[in-house]
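Worksheet for the structure shown next.
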Amino acid sequence: MAGPAADMGATVTVAPREIHDLVYRASRIAGCDPGTAERIAENVTLAEIHYGAAVRALCETLEAADLPTSAWATAPDALLSAEIAARSNGTASATFDPPAPLASIAASLQQSLERGVASTGIDGRASGATTVGAVQLHFVGRQAGAASGAPIDGARSDAHRIGIGVDQPWFNRLEVAAAGFLVAEATLDEIDD
Amino acid sequence: MTTAAVAPSQDRLQAELDRRLPRLRPPAVVMQPAMMGSARLTRYSFSRTMLRRAVRDRWRARRARFDIDERGHGEAVYEIDAGGHTLSFVAFTTTIDECEHTDRVIAERWEIAGALVEGDLTGEFLSLLRRHVPRQEAGRFDPRVLVLTRGNRSVRFFDYLVDALARGRQPDPDLVADAGYILRSTAFYANGKYGMRSFEGYSEDHPLRIPYRAQFVCAWLFRELGYDLVEHCARASGGDAAAPFDQHWRRYFGLGNATGLGLVPFAFKHPRVIHAWVAIREMALADVRSLPGNRDRLERLDTWIDRAHSHFVHGTDDDCRPFLNSVDVATVVLQIREAFDRCRRDPLPFDALYRWSEQRGPETAEMVVSLLLELHEGDDDLIDEFLTVDEHCPLDPAMTVGHLRAMLASRFEWLGQLGLDNEGADKWWWVISDNTEEPRRARRDGLEPARRDVAIDVAMRLWRLRGALDGYDDDAPIQRVLSEHPEHRLAAERLSVSDRAYTEPRDNPCSAHYLPLQLQRFQLAMYGMDNFKPKSTDWLRVTLFQGAPRLGDLGTDAGDDWVLPARPGGSR
Numbered sequence: 028m029a030g031p032a033a034d035m036g037a038t039v040t041v042a043p044r045e046i047h048d049l050v051y052r053a054s055r056i057a058g059c060d061p062g063t064a065e066r067i068a069e070n071v072t073l074a075e076i077h078y079g080a081a082v083r084a085l086c087e088t089l090e091a092a093d094l095p096t097s098a099w100a101t102a103p104d105a106l107l108s109a110e111i112a113a114r115s116n117g118t119a120s121a122t123f124d125p126p127a128p129l130a131s132i133a134a135s136l137q138q139s140l141e142r143g144v145a146s147t148g149i150d151g152r153a154s155g156a157t158t159v160g161a162v163q164l165h166f167v168g169r170q171a172g173a174a175s176g177a178p179i180d181g182a183r184s185d186a187h188r189i190g191i192g193v194d195q196p197w198f199n200r201l202e203v204a205a206a207g208f209l210v211a212e213a214t215l216d217e218i219d220d
Numbered sequence: 253m254t255t256a257a258v259a260p261s262q263d264r265l266q267a268e269l270d271r272r273l274p275r276l277r278p279p280a281v282v283m284q285p286a287m288m289g290s291a292r293l294t295r296y297s298f299s300r301t302m303l304r305r306a307v308r309d310r311w312r313a314r315r316a317r318f319d320i321d322e323r324g325h326g327e328a329v330y331e332i333d334a335g336g337h338t339l340s341f342v343a344f345t346t347t348i349d350e351c352e353h354t355d356r357v358i359a360e361r362w363e364i365a366g367a368l369v370e371g372d373l374t375g376e377f378l379s380l381l382r383r384h385v386p387r388q389e390a391g392r393f394d395p396r397v398l399v400l401t402r403g404n405r406s407v408r409f410f411d412y413l414v415d416a417l418a419r420g421r422q423p424d425p426d427l428v429a430d431a432g433y434i435l436r437s438t439a440f441y442a443n444g445k446y447g448m449r450s451f452e453g454y455s456e457d458h459p460l461r462i463p464y465r466a467q468f469v470c471a472w473l474f475r476e477l478g479y480d481l482v483e484h485c486a487r488a489s490g491g492d493a494a495a496p497f498d499q500h501w502r503r504y505f506g507l508g509n510a511t512g513l514g515l516v517p518f519a520f521k522h523p524r525v526i527h528a529w530v531a532i533r534e535m536a537l538a539d540v541r542s543l544p545g546n547r548d549r550l551e552r553l554d555t556w557i558d559r560a561h562s563h564f565v566h567g568t569d570d571d572c573r574p575f576l577n578s579v580d581v582a583t584v585v586l587q588i589r590e591a592f593d594r595c596r597r598d599p600l601p602f603d604a605l606y607r608w609s610e611q612r613g614p615e616t617a618e619m620v621v622s623l624l625l626e627l628h629e630g631d632d633d634l635i636d637e638f639l640t641v642d643e644h645c646p647l648d649p650a651m652t653v654g655h656l657r658a659m660l661a662s663r664f665e666w667l668g669q670l671g672l673d674n675e676g677a678d679k680w681w682w683v684i685s686d687n688t689e690e691p692r693r694a695r696r697d698g699l700e701p702a703r704r705d706v707a708i709d710v711a712m713r714l715w716r717l718r719g720a721l722d723g724y725d726d727d728a729p730i731q732r733v734l735s736e737h738p739e740h741r742l743a744a745e746r747l748s749v750s751d752r753a754y755t756e757p758r759d760n761p762c763s764a765h766y767l768p769l770q771l772q773r774f775q776l777a778m779y780g781m782d783n784f785k786p787k788s789t790d791w792l793r794v795t796l797f798q799g800a801p802r803l804g805d806l807g808t809d810a811g812d813d814w815v816l817p818a819r820p821g822g823s824r
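If you read the protein sequences in the order shown, they are chains A and B. The first sequence finishes on residue 220 if you use the numbering used here, and the numbering steps up by one all the way, no holes. The second sequence finishes on residue 824 if you use the numbering used here, and the numbering steps up by one all the way, no holes.
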């Protein structure tokens, strides 16, 4: 339970909710609408839990690119469109050009799985920062999809119980990126008067 | 309500509702702002369910440590053994100058800072808590910490109570009895904030794996600290002459609470949670309304009506608009008494009483609901299960526009009554302040949102989605709409998750006419709070656990009839 300063250069243990809230805020300030920001937050949080390096990958985009037109905002749509095709045709391919960080589609893949559409083409050793050019989608049915989601559910449960270790400098950068979502108390008091 | 087959709790809750459908109050009545803003605590409010669980499961509680000086400065630890889980409320106390007292959540100093923690309270852990808990939001915690809270002494009454007890006297009812509390809290942070344990981090069989149970354990122990501080300071001051609170006063005081705008975003962000809270109450009401009036039930309701009158008639006569003050509530209770005397020979007297009350307006109706629910004997295990809600309901991208349009028409037909195209419909936006992240609202003509808005403008967003769908064929997948118009994603997702009757307060929080107090009162009543004293349109003071069993009462036949305590010292 040390303060953030004591953890510089190390790992800080955070609750999943903290990642979610900060990513949401940072995404809003970077120009995303609330629905897209919420989706990015879900993707990054799950990816940080299951693959790691998701916060880092997002921060790199936040600092170098336009988030609303980046893969973080658009890749899940490509995935969902392919999911609809897979549910009709049995299989489909989602392609991401440019390749998308795994962290940008992690929760979306999980939700597709819950609807019975499984994916292949992702390296089992991938981190959240690993980019993905395409995924193959296969309709397997809801029951099979739910069963194959169990390991992710286990990791999620552990994260809620003991927290997630996140690289401290990247977490700090996320905090800085999200800070603009808050409005100064003095400003609010001023317009109230 | 009986425990039955294994099924997701939401489905089982829905099955219970379906069974009672003809007798349920419709959402068009229940979810109206004026009705929500008249809600009162019931048998199923969280303070009540928590204490029933503690008694039923034979939780044991004790004051484990009390290193407090004569001014009330120091550290105290209260410990609960809850089914083999050791929970500790660790409090750090001091005093601050009266001019620094504020109910605002943004205050920087507090007289009491506390945390509910689980596990061994080692010297190292205590040392960490000592450093971080008084800093509150600026502190950093880990999953051993479950709840973080703070508060102040009552400026009006704390010193008076100490002085009275120090002289060996009990308080003068005319001086303090409308206060209802010794300490006043402002926030109970939990669920992963500042690194604390997430709600989902509790194991399936953990006694705190019920929404808000951890916060209410913490609040109950916070209240206990108030009694101990007063009696301790009185002994330090009065020595052998000092007296403890006598049997009339030892339960009378609850814990005060000051509540601001933070509750409003919660209510608009968690539709399935709100549904569960309302549905439990409505199921119980439907059950009681269908009961015939045997002697036992009639007498029990008589007792509760009398009890309510005795409680409220000694409360405040301050201006509490838009709510009734306690004395006016007592007048309402007298009217309820007269109406019940007329209804008691009706074949369904409780239904007749409720139907009468609905004609009298929301304050009367919700007071009757609160009283009637005292006759309900629901299964607490099932109630706890119903409160644990799965909020995960992602939108199916293959859903057609036609389906979405139909959902919009059936679930949100009331949007057309809100004047969402009128001037003033979008006057306010909701914002988070940089000072302790307190939610507030700001006028659009005073400050541009600039993508900093808290997106609780549910009604406005769904209204705009409705317009946007006009350009699409019925058989188009919603995914196509959202790829082209991502600004409608949140509304479409909301439509998906808002799949139950009581999910939506029928109001527009951005309207010029929006009154936050109504939704605040609804939530506070669900928590088990009472004595609603608005201090503006945006915040109010309340009391909880007034009359509740004390620490030492656990393990005895503590009973559940502790709410609405009468003022010690007889009638006014």
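Heads up, the beta-carbon is just placed ideally off N, CA and C, and yes, glycines get one too. These numbers come from a predicted model, not from an experiment.
Taken through DSSP and simplified to helix, strand or coil, Arg819/B comes out as coil. Secondary structure note for Lys521/B: its alpha helix (DSSP H) is the uninterrupted segment 515-521.
No Cβ-Cβ contact shorter than 7 angstroms links Ile56/A with Gly190/A. For Met288/B, the three-state secondary structure derived from DSSP is helix. Assigned with DSSP and collapsed to three states, Tyr441/B falls in strand. Listed in chain order, the non-local C-beta contacts of Gly780/B below 7 angstroms within the same chain comprise Leu293, Ser297, Phe298, Ser299, Arg300, Leu796, local neighbours out to five positions each way being set aside. For Arg305/B, the closest C-alpha among the options Ser542/B, Gly491/B, Pro459/B, Arg475/B is that of Pro459/B.
Glu327/B and Lys785/B have their C-alpha atoms spaced approximately 31 angstroms apart. Inter-residue distance for Ala528/B and Tyr464/B is about 13 angstroms (C-alpha atoms, whole angstroms).
In summary, Ala91/A is exposed, with fewer than 16 beta-carbon neighbours lying within 10 Å of its beta-carbon over all protein chains present. For the segment 629-663 of chain B, the beta-carbon criterion of a distance under 8 angstroms to any beta-carbon of chain A is satisfied by Pro646, Asp648, Pro649, Ala650. By the beta-carbon neighbour count (other beta carbons within 10 angstroms, threshold 16), Leu427/B is exposed.
For Arg382/B, the secondary structure class from DSSP, reduced to helix, strand or coil, is helix. Close partners of Ala211/A in chain B (Cβ separation under 7 angstroms): Asp686. Counting only unbroken stretches of 4 or more residues, the alpha helix (DSSP H) elements lying wholly within the segment 576-630 of chain B are 578-595, 601-612, 614-624, in sequence order.
For Ser735/B, the enclosing alpha helix (DSSP H) covers residues 730-736.
In the DSSP secondary-structure assignment, Asp194/A is bridged to Thr38/A. Of all residues in the segment 749-771 of chain B, none places a beta-carbon less than 9 angstroms from a beta-carbon of chain A. In the three-state scheme derived from DSSP, where H, G and I count as helix and E and B as strand, Leu477/B is classed as helix. Residue burial annotation: Ala390/B is exposed, with fewer than 16 other C-beta atoms found within 10 angstroms of its C-beta. DSSP places Met781/B within a strand segment (E or B) once states are collapsed to three. Chain-order list of chain B residues neighbouring Thr96/A: empty, with the shortest C-beta distance near 11 angstroms, by a criterion of under 8 angstroms. In the DSSP assignment, Thr214/A falls within the alpha helix (DSSP H) that extends over 212-219. Of Val144/A, Ala211/A, Glu212/A, Ala130/A, the smallest CA-CA separation from Ala112/A is found for Val144/A. With fewer than 16 other Cβ atoms from the protein chains shown falling within 10 Å of its own Cβ, Arg573/B counts as exposed. The beta carbon of Ile526/B lies closer than 8 angstroms to those of Ala519, Tyr754, Thr755, Glu756, Pro757 in the same chain, with the five residues before and after it left out. Taking a 10 Å sphere around the C-beta of Arg314/B, we find fewer than 16 other C-beta atoms and assign the residue as exposed. If you ignore the 5 residues before and after Pro691/B, its C-beta comes within less than 8 angstroms of the C-beta of Gly512, Leu513, Gly514, Val516, Pro517, Trp682, Val683, Ile684, Ser685, Val706, all in its own chain and listed in chain order. If you ignore the 5 residues before and after Glu610/B, its C-beta comes within less than 7 angstroms of the C-beta of Ala617, all in its own chain and listed in chain order. In the DSSP assignment, the residues bridged to Ser685/B are Val210/A. The DSSP-derived three-state label of Trp680/B is strand. Taking 7 angstroms as the cut-off, the Cβ atoms of Leu625/B and Arg295/B count as close. Using a Cβ-Cβ distance cut-off of 8 angstroms, the segment 758-772 of chain B and the segment 541-555 of chain B are not in contact, since fewer than three pairs of beta carbons, one from each stretch, lie closer than that value. Ala286/B and Pro614/B do touch by the CB rule: their CB atoms are close to 5 angstroms apart, below 8 angstroms.
Among the bridge pairs identified by DSSP, Gln163/A is matched with Ser120/A, Thr147/A.
Residue environment: His561/B is assigned as buried (16 or more neighbouring CB atoms within 10 Å of its CB, all protein chains considered).
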